Each structure stands twice: as C-alpha cells, then as structure tokens.
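Take a look at the structure set out below.
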Amino acid sequence: MILPRMAVRAIVASYIGCISRRDWDALPTYFAPNANWWINGNPARVPQAGDGSVEERLPSMPGLLGRFESYSFDVRNIVVEGNKAIAEATATGRGPLNLVYVNNITMSFVINREGRITTLREYPDYNELNWVLQWFKDHEMAGTLPQELSEELESRSN
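In our numbering, the protein residues as written are 452 to 609.
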C-alpha cells in the first residue's frame, strides 16, 4: 500500500517544520526503526558522509542548530512520486553577533505505509556548512562569542 501523495508531502513538510522549530524530542518519531540516513560526501574528507543510523545522526543536530539565536528551515519545493519525495529547503541561522548562515539543502525521502521515514538522503552545501563551523571555531577561540554560548559549547565538548 502506498500512502496518498498529499500524505507523503505532509509528512515531509512536517519533518522539516520540526527541524525549523528545533523540536529535538519529536524528530525521532518521524523515523521507522532501522531507518537509514545517508549524507552526501566523501567519507575520507567529510566524517559524517555516507550511511548512518538515526540514532547516530540526531544527537549532532542541537549542537549545530542550537548555536544560532534564530533558526528556520523553510520548504521551497516538495515533489512526490509514490512513497518517495524530494524536498528542497533553505536553512537560515542568525546570530550570535553578525552571523548569517544560509544553506540550501536537498533531501530525498522514502516513506513506509505507516507514514515513517525509512530512508533519508541529504545533500547539504558543504561550502556553507564548513564556513559556519569555522566561524564558530574562530569566534570561540578569539573569545568573541557571548559568554553563555562559550560556556555551553565548552560543556558540550567535555
């Protein structure tokens, strides 16, 4: 049984909305047991690239997305064919300081008949992602991050 096209679209849009709200507790409920989350890239150069489990991937999201003073992940387009969907979305993070992060990300989804994601393939813009990670590292090392964010980042690394 294949879910109706609008149901698949709604699941994908809801998942992206959950990331936008940074609702970390709800994210696991979108995935089927043993779901595969593949991220684009050469694993020799990008450690998180390749196949991974939801249990491996989800814990890293608050560490990056939680650093921004404001964050949104907005759907640009969703195309559905059967139980598969392709979504184009834009991640925008602002602050601290004058930081503006924009990453256009394409994702493909396979949804099972229970309405859970069984496969997620993610294609982020690594130029932008690497830039923002370096921005945080540079500002943390220079001591220009707000004190409470520096303390939070330090506690996460311990």
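Note that CB positions come from ideal geometry on N, CA and C, so glycine has one too. Being a predicted model, the structure only gives us computed values, none of them experimental.
Does the distance from the C-beta atom of residue i to that of residue j stay below 8 Å?
i	j	result
W489	R564	no
V505	A486	yes
G533	I462	no
G546	S521	yes
A538	V551	no
I568	F482	yes
Using the rule of at least 16 other Cβ atoms within 10 Å of the residue's Cβ for burial, across every protein chain shown, is residue i buried or exposed?
i	result
V531	buried
R607	Confidence in R607 is poor, its pLDDT being 46 and thus under 50, which makes the residue's placement unreliable; the coordinate value appears in the next sentence. When all chains shown are included, R607 counts as exposed.
M558	buried
N609	Model confidence at N609 stands at a pLDDT of 45, short of 50, so the residue's coordinates are unreliable and nothing is read from them.
Could you give the distance in angstroms between the alpha-carbon of residue i and the alpha-carbon of residue j?
i	j	result
N477	A495	Note on residue identity: the sequence assigns Ala, not Asn, to residue 477. Taking the straight line joining both Cα atoms gives about 32 Å.
R456	I562	11 Å
I453	R518	39 Å
A458	I470	19 Å
R578	T480	Per the sequence shown, residue 578 should be read as Asn rather than Arg. Roughly 30 Å separates the two Cα atoms.
Assuming residue i is part of the beta strand (DSSP E), what are its boundary residues?
i	result
Y466	It is not in any beta strand (DSSP E) - Y466 instead sits in the alpha helix (DSSP H) that spans 456 to 472.
G544	535 to 545
A477	Taken as a continuous stretch (DSSP letters only), A477 belongs to no beta strand (DSSP E), as it is neither H nor E.
T524	Correcting the residue type first, residue 524 is Phe in the shown sequence and not Thr. Per DSSP, F524 belongs to the beta strand (DSSP E) from 521 to 532.
Note the first and the last residue of the continuous alpha helix (DSSP H) segment covering residue i.
i	result
E506	505 to 508
L515	511 to 516
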